[in-house]
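Using full-length UniProt numbering, read the sequence shown as starting at 1 and increasing by one per residue.
Glycine included, every Cβ here is placed at the ideal spot set by N, Cα and C.
None of the values given here were measured: they were computed from a predicted structure.
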Amino acid sequence: MSDSNQSTLHPFPIVWFNCSQVVELDSVAVGVMPGMKFKSTWRNVDQDIKVLSDNGISNVFCLCKQSELSFFRVRELFDAYRDKGIKVHHYPIEPDLSPDYKEIYKICLDLWDTLLEGSKVFIHAQSTLGRVSVLMAAFYMELEEDVTPAHAIFKIRELIGRGAFQTMQQYNFIDGFRDYQTEHRNRTLSEDV
């Protein structure tokens, strides 16, 4: 089956993150890697990116390493985004691991700044189950100060599916993220004084 036929039979799936009242509805979407080719999955990168463009997405946050883009046969994915006028924010994170708190906090700030510009955002890794889940839970906790780590995990699993958060490291990361946020804010406040 050709690339064109496979993508036509299975439209590119995106899931909108509408968990917070702080973020405008349908402004943050998550999904799988556009154009990915692996085993029985043979996506068409142009058709997949067209779905993003048709939904008004102008910024992409990619959490994949460059080696993953090669492995899944989309080496030129960033060029394909840019050709369609989509800005790329590349934050490579090891699969099945959690980033350090400083790194995920930096991504959350960049994501928030991008949304404040009025842009729509698409976030992806190879799938939505590990790194994307961690980022979205951390971002949810950044947006909503009263959200507990357990509630953030629950909401993201409700959004993405029960397979979200694949390792204990990822659960533990989210569990400790609120402490990092508090420590970071206290440090910033003491530097401002």
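Query: Does the Cβ-Cβ distance between S119 and K84 come in under 8 angstroms?; Result: no
Query: Can you give me the start and stop residues for the beta strand (DSSP E) that F122 sits inside?; Result: K120 to H124
Query: Given a cut-off of 8 angstroms, decide if V30 and M141 are closer than it, judged by their beta-carbon atoms.; Result: no
Query: Does the segment 71 to 79 come close enough to the segment 97 to 115 to have 3 or more Cβ pairs within less than 8 angstroms?; Result: no
Query: Pick from S58, E24 and F12: whose alpha carbon is nearest that of V88?; Result: S58
Query: Of all the options I86, A125, V15 and G130, which has the alpha carbon lying nearest to the alpha carbon of F173?; Result: G130
Query: Can you give the Cα-Cα distance for R157 and Q170, rounded to whole angstroms?; Result: 13 angstroms
Query: Look up A29 in the DSSP assignment and say whether it is helix, strand or coil.; Result: strand
Query: List the endpoints of the continuous alpha helix (DSSP H) containing F154.; Result: P149 to I160
Query: Among residues of its own chain, excluding the 5 on either side of N18, which ones have a beta-carbon nearer than 6 angstroms to its beta-carbon?; Result: L25
Query: Leaving out five residues before and five after P92 in sequence, what residues of the same chain have Cβ atoms less than 6 angstroms from its Cβ?; Result: K65
Query: In chain order, what residues of the same chain lie with their CB nearer than 8 angstroms to the CB of L116, ignoring the 5 residues before and after it?; Result: none
Query: For a quick check, are the C-beta atoms of I123 and V15 less than 8 angstroms apart?; Result: no
Query: For P149, count neighbouring Cβ atoms within 10 angstroms of its own Cβ and tell me buried if that reaches 16, exposed if not.; Result: buried
Query: Please classify N59: does DSSP put it in a helix, a strand, or coil?; Result: strand
Query: Are the beta-carbon atoms belonging to E145 and V22 less than 8 angstroms from one another?; Result: no
Query: In the DSSP assignment, find the alpha helix (DSSP H) that holds V74 and state where it starts and stops.; Result: That residue, V74, is in no alpha helix (DSSP H); it is neither H nor E in DSSP.
Query: For P11 and V132, what's the separation of their Cα atoms in angstroms?; Result: 20 angstroms
Query: Pull up the distance between the alpha-carbon of M36 and that of Q166, whole angstroms please.; Result: 21 angstroms
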